[in-house]
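Note that the sequence shown covers residues 112 to 562 in our numbering.
Some notes on the structure that comes next.
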Amino acid sequence: MANKRPYKLPVPITRDANVLDQGVKMELIKGCIEQHKLMLPRYEYLENLYLGFHDIFRLPEKEGWKPDHRLAVGFPRYITDTFIGYAYGKPIKVQSEDEKFDEAMQLFAKRNALKDHNKEMAKVACKFGHAFEYLYQNENTETRVTRFTPRQMFIVYDDSVAERALFAVRYGYHGEKSKLRGKLYGEILTPSQVLKFEEDKITDENDNPYGKIPVVEWKLNEERIGLYESVAGLVETYNAALGEKANDVESFAEAYLAIMGAEIDEEGIRRIRDNRIINLYGTNNAKDVLIQFLQKPTADGTQENLLDRLETLIYQTSMVANISDESFGGATSGTSLAYKLQAMSNLAESFDSKVEKSIRKRLKLFCTLSTNTPHQDAYEDVEITFTRNVPKNLLEEAQTAAQLSGIVSHETQLRGLSIVADPKAELERIKDEDEESQPLSVIDKAFAGDK
Numbered sequence: 112m113a114n115k116r117p118y119k120l121p122v123p124i125t126r127d128a129n130v131l132d133q134g135v136k137m138e139l140i141k142g143c144i145e146q147h148k149l150m151l152p153r154y155e156y157l158e159n160l161y162l163g164f165h166d167i168f169r170l171p172e173k174e175g176w177k178p179d180h181r182l183a184v185g186f187p188r189y190i191t192d193t194f195i196g197y198a199y200g201k202p203i204k205v206q207s208e209d210e211k212f213d214e215a216m217q218l219f220a221k222r223n224a225l226k227d228h229n230k231e232m233a234k235v236a237c238k239f240g241h242a243f244e245y246l247y248q249n250e251n252t253e254t255r256v257t258r259f260t261p262r263q264m265f266i267v268y269d270d271s272v273a274e275r276a277l278f279a280v281r282y283g284y285h286g287e288k289s290k291l292r293g294k295l296y297g298e299i300l301t302p303s304q305v306l307k308f309e310e311d312k313i314t315d316e317n318d319n320p321y322g323k324i325p326v327v328e329w330k331l332n333e334e335r336i337g338l339y340e341s342v343a344g345l346v347e348t349y350n351a352a353l354g355e356k357a358n359d360v361e362s363f364a365e366a367y368l369a370i371m372g373a374e375i376d377e378e379g380i381r382r383i384r385d386n387r388i389i390n391l392y393g394t395n396n397a398k399d400v401l402i403q404f405l406q407k408p409t410a411d412g413t414q415e416n417l418l419d420r421l422e423t424l425i426y427q428t429s430m431v432a433n434i435s436d437e438s439f440g441g442a443t444s445g446t447s448l449a450y451k452l453q454a455m456s457n458l459a460e461s462f463d464s465k466v467e468k469s470i471r472k473r474l475k476l477f478c479t480l481s482t483n484t485p486h487q488d489a490y491e492d493v494e495i496t497f498t499r500n501v502p503k504n505l506l507e508e509a510q511t512a513a514q515l516s517g518i519v520s521h522e523t524q525l526r527g528l529s530i531v532a533d534p535k536a537e538l539e540r541i542k543d544e545d546e547e548s549q550p551l552s553v554i555d556k557a558f559a560g561d562k
């Protein structure tokens, strides 16, 4: 099977920096949409890989008498879900030392279910290489966020070195959306306006309360390449090899029985088939009779070697660990487990920097509204913390923390314990407990003296 990607790699849509000086023109917008539509085959292909609808199911059918098994292994889904569970299975912590702003952020996070939203944004970015987050004000003037895949939305950048965002477009079709037919509709989001359109006409205009484009792009990497995109060819080849192996098994089960040197009538064939016994008694020259199954040559060993090699390459190239592998059961210490997860950890840290950048852009938009916070620069001092979702050896952590006593601060010691969510708060609790126990200690000594 020829593994050919049915698309070109993603390229940002760019226009002249002054393109909006004369206002928004639908001719400009429709031109950008046509350029974006050229990227849709790639997004559709990557989505189908994740869902399990692989190319092997679209190959021409074989002749009716030949086995034709179509098998697809869900490597793309496994790779994506494993990585997301490892990197963002534990919620991203966003904190500020400004108590009022921290309370505003926590309320914002609760209203928008940001724990789940962040994971879903990361998953979309892993599937397609990037994703879009859209901020808006609801009827109660509350800031809300929602997500869009790059199939539904795009950002147009200027053609300068800085690649500044000019505007964003969200669009769709009334009717046969899958075939991009029907009535075109959507929104145009500029720093100053939110415009709704249908076909060639702008139907509604509203001021943009944020003063900035209310769209944040989450990127897995600068190239916007999906997490499993680099192993798509390996996955398709694995599917083809596995399907052919299943075909060989069926061919073996349906092998022909050859009887040479003896003539058998239809009744004899029926008895052999029903009784599963061959007894050609009274046959002349019985020693010359040959009975055997006709089988085509198999390459079982070669096929198994190919499947093993492909599976290894899929995990190595994607940099996501196969945590179902038996070798993970032998990781008895945190250090040995860390070595096995090193490649995935490096990948997660690389994505962390992109995610942190996107979350800060979200908070920057949040801070533009005085109804959220009176300080527009409050987002600058926010601390964003990522925690990996891996099994912890608490005994090993406690021993390490104890050995650091006198070498590092108590807060640093506590940071090494996974059961301590907030080292500063834990130190305060320890201090409070010491203060509570101190008077009791004095009383005990007084009673001891009376005796």
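From the three backbone atoms N, C-alpha and C, an ideal C-beta is built for every residue, glycine too.
Please read all numbers here as calculations on a predicted model, not as lab measurements.
Local Cβ density within 10 Å of residue i, reported as buried at 16 or more and exposed below that
i      : result
Phe371 : According to the sequence as given, residue 371 is Met; it is not Phe. Exposed, by the Cβ-count rule.
Leu345 : buried
Asp359 : buried
Ile425 : buried
Ala235 : The amino acid occupying residue 235 in the given sequence is Val; Ala does not appear at that position. So Val235 ends up on the buried side.
Lys562 : The predicted position of Lys562 is uncertain, since its pLDDT is 47 and thus under 50; a value taken from the coordinates is nonetheless stated next. Label assigned to Lys562: exposed.
Tyr450 : exposed
Ala113 : Annotation note: pLDDT 48 at Ala113 (below 50); position unreliable, coordinate value reported separately. With fewer than 16 other Cβ atoms within 10 Å, it is exposed.
Pro171 : exposed
Ala557 : Annotation note: pLDDT 47 at Ala557 (below 50); position unreliable, no value reported.
Trp329 : buried
Glu316 : exposed
His285 : exposed
Thr446 : exposed
Val563 : Residue coverage of the chain in this structure runs from 112 to 562, which leaves residue 563 outside it and unanswerable.
Glu377 : exposed
Ala390 : Before going further, note that residue 390 is Asn rather than Ala in the sequence given. So Asn390 counts as exposed.
Thr479 : buried
Ile554 : Because the pLDDT of Ile554 is 43, which lies under 50, any placement of that residue in the model is unreliable, and the question is left without a value.
Thr348 : buried
Contact under 8 Å by Cβ, residue i with residue j
i      : j      : result
Asn350 : His180 : no
Lys201 : Asn500 : yes
Glu254 : Phe219 : For the record, residue 254 in the displayed sequence is Thr; it is not Glu. It is a contact, given that the beta carbons lie within the stated cut-off.
Val280 : Ile144 : yes
Ser469 : Val327 : yes
Ile270 : Arg153 : Sequence inspection shows Asp at residue 270; the Ile mentioned does not correspond to that position. Result no, Cβ atoms of Asp270 and Arg153 do not sit closer than 8 Å.
Ser207 : Ala536 : no
Gly527 : Ala513 : no
Tyr189 : Ala459 : no
Gly185 : Leu331 : no
Arg473 : Leu246 : yes
Ala233 : Thr260 : no
Pro121 : Arg335 : yes
Tyr282 : Gly293 : no
Val135 : Ile495 : no
Ser516 : Gln510 : no
Tyr66  : Pro187 : Residue numbering for the chain in the displayed model covers 112 to 562; residue 66 lies beyond these limits and cannot be assessed.
Nearest-angstrom Cβ-Cβ length linking residue i and residue j, presumed shorter than 8 Å
i      : j      : result
Lys429 : Leu338 : Here residue 429 is Ser; the residue named in the question, Lys, does not match the sequence. Contact flag correct, Cβ pair sits at about 7 Å.
Cys237 : Phe194 : 6 Å
Ser481 : Glu508 : Not a contact, Cβ separation roughly 45 Å.
Leu538 : Glu522 : 6 Å
Ala369 : Gln403 : 6 Å
Glu274 : Pro123 : 7 Å
His486 : Phe168 : Going by Cβ atoms, the distance from His486 to Phe168 rounds to 55 Å, so no, they are not a contact pair.
Leu131 : Leu300 : 12 Å between Cβ atoms; not a contact.
Element boundaries [alpha helix (DSSP H), containing residue i]
i      : result
Glu426 : A quick correction: the sequence has Tyr, not Glu, at residue 426. Segment Asp411 to Ser429, the alpha helix (DSSP H) holding Tyr426.
Leu225 : Leu225 to Phe239
Glu298 : First-last for Glu298: Lys294 to Leu300, but that is the beta strand (DSSP E), not the alpha helix (DSSP H).
Thr583 : In the structure as shown, the chain starts at 112 and stops at 562, and residue 583 therefore has no counterpart that could be examined.
Phe439 : Careful: Phe439 lies outside any alpha helix (DSSP H) and carries neither H nor E.
His285 : That residue, His285, is in no alpha helix (DSSP H); its beta strand (DSSP E) goes Ala276 to His285.
Thr511 : Leu505 to Gln514
Asp630 : Because residue 630 is not part of the residues shown, which for the chain are 112 to 562, the question remains open.
Glu145 : Met137 to Lys148
Ile195 : Phe186 to Tyr199
Arg382 : Glu377 to Asn386
Pro171 : Counting along the chain, Pro171 falls outside any alpha helix (DSSP H), and DSSP gives it neither H nor E.
First through last residue of the beta strand (DSSP E) which encompasses residue i
i      : result
Thr314 : Lys312 to Asp318
Thr125 : Ile124 to Arg126
Asp269 : Met264 to Asp269
Gln206 : Lys204 to Gln206
Phe259 : Thr254 to Phe259
Glu309 : Gln304 to Glu309
Lys330 : Val326 to Lys330
Thr496 : Glu494 to Thr496
Just checking, does the region 448-464 make contact with the region 311-322 on the three C-beta pairs under 8 Å criterion? Between the region 448-464 and the region 311-322, the count of Cβ pairs shorter than 8 Å is below three; the stretches do not touch.
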